[in-house]
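**Student:** Just dropping this structure here.
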Amino acid sequence: MDRCWWGDGKMSRRTPLTIRAKARADERPSPRLLILAAVAFVAAAILMPMMAHAAGDYGGSSSSGSSSGGSGYAVDAISKEMRKAQTLINKQDYAGALTFLEAEIRKSPDSADAWNLTGYASRKLGDYAASEKAYDKALAIDPNHKGALEYKGELYLTLGNLAGAEALLARLSKGCSFNCKEKKQLAAAIEAFKKAN
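With positions in the sequence shown counted from 1, the corresponding number in our numbering is that position plus 532.
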């Protein structure tokens, strides 16, 4: 057995097992380090949704859904053009946003998100034919794009095509998981349309 000093200054005998346990206890992180780690974790938990929102929530517009059913735009996949378009859409500068969306489409013609936002901006400007073409292109690239399904449904309501909007809501219902924002928004728009007409 080894001899060790206790904190009270007395010698005592300890077995090697208790010496190892004491050594492990000494290796534990300090309370300050634990508090710092907890603060960092909480800060990350608060900031990550904000960063994702800033990178991909286009002014209340619906997030895309990949064909695998995901939602939201990938934070690190957002180009400079898409970020600028997002900023302009948030400011309701739809014509300005279209300039950047056209640049994004030239660079990435298979971007369903860019086509969807092009449809959104065009619809807000009253260019319904261009809007429908853009939504159709987004849905040709990704048939389950939740944002394009919702927005095309809203376009149909603007044009008085309730049956078309309801058909798109049915598609959203099949592809949307529980608590799907796009499905809820289109359903609410359809209900408002029915009450108004």
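For every residue, glycine included, the Cβ atom is placed at its ideal position computed from N, Cα and C.
Beta-carbon within less than 8 Å of L689's beta-carbon, same chain only, minus the 5 sequence neighbours each way: which residues are those?
**Tutor:** Counting from 1 along the sequence shown, the entry for residue 689 is found at position 157. The residues are A697, A721, I722, F725.
**Student:** Output the boundary residues of the alpha helix (DSSP H) element that contains G628.
**Tutor:** The count along the sequence shown starts at 1 and reaches residue 628 at position 96. First-last of the alpha helix (DSSP H) with G628: 626-639.
**Student:** Would you identify the three-state DSSP class for L565, choosing helix, strand or coil?
**Tutor:** Counted from its first residue, the sequence shown places residue 565 at position 33. It is helical.
**Student:** Comparing alpha-carbon positions, which option in L694, F710, G685, C708 lies nearest K727?
**Tutor:** Taking the sequence shown and counting its residues from 1, the one referred to as residue 727 is at position 195. Looking at the Cα atoms, L694 is the closest of the given residues.
**Student:** What is the rounded straight-line gap between the Cα of L649 and the Cα of L566?
**Tutor:** The residue given as residue 649 occupies position 117 in the sequence shown. The residue given as residue 566 occupies position 34 in the sequence shown. So the alpha carbons of these two residues sit roughly 44 Å apart.
**Student:** Which class does F725 belong to by DSSP, given the choice of helix, strand or coil?
**Tutor:** Taking the sequence shown and counting its residues from 1, one reaches residue 725 at position 193. Here F725 sits in helix by DSSP.
**Student:** Give me the Cβ distance between A672 and G651, rounded to the nearest whole Å; I'm assuming they're in contact under 8 Å.
**Tutor:** Position 140 of the sequence shown, counting from 1, holds the residue named residue 672. Position 119 of the sequence shown, counting from 1, holds the residue named residue 651. Not really, about 12 Å apart at Cβ, beyond 8 Å.
**Student:** Alpha carbon to alpha carbon, how far is Y667 from S643? Give it in angstroms, no decimals.
**Tutor:** To locate residue 643, count along the sequence shown from 1; it is residue 111. To locate residue 667, count along the sequence shown from 1; it is residue 135. One C-alpha to the other measures close to 12 Å.
**Student:** From D674 to W647, what does the alpha carbon distance come to, in whole angstroms?
**Tutor:** Sequence index remark: in the sequence shown, residue 674 carries index 142 (1-based). Sequence index remark: in the sequence shown, residue 647 carries index 115 (1-based). Straight-line Cα distance between these residues: approximately 11 Å.
**Student:** Quick check: the Cα distance between C708 and A670, rounded to an integer number of angstroms?
**Tutor:** The residue labelled residue 708 in the question sits at position 176 within the sequence shown. The residue labelled residue 670 in the question sits at position 138 within the sequence shown. Taking the straight line from one Cα to the other gives about 17 Å.
**Student:** Leaving out the 5 sequence neighbours to the left and right, which residues in its chain are closer than 8 Å to L687 when beta-carbon positions are compared?
**Tutor:** Taking the first residue of the sequence shown as position 1, residue 687 is located at position 155. Counting only Cβ-Cβ distances below 8 Å, and skipping sequence neighbours, we find G651, R655, Y660, S663, E664, Y667.
**Student:** Would you kindly report the start and end of the unbroken alpha helix (DSSP H) that includes S705?
**Tutor:** The residue given as residue 705 occupies position 173 in the sequence shown. First-last of the alpha helix (DSSP H) with S705: 694-707.
**Student:** Alpha carbon to alpha carbon, how far is A635 from Q717?
**Tutor:** Here residue 635 refers to the residue found at position 103 when the sequence shown is read from its first residue. Here residue 717 refers to the residue found at position 185 when the sequence shown is read from its first residue. Taking the straight line joining both Cα atoms gives about 29 Å.
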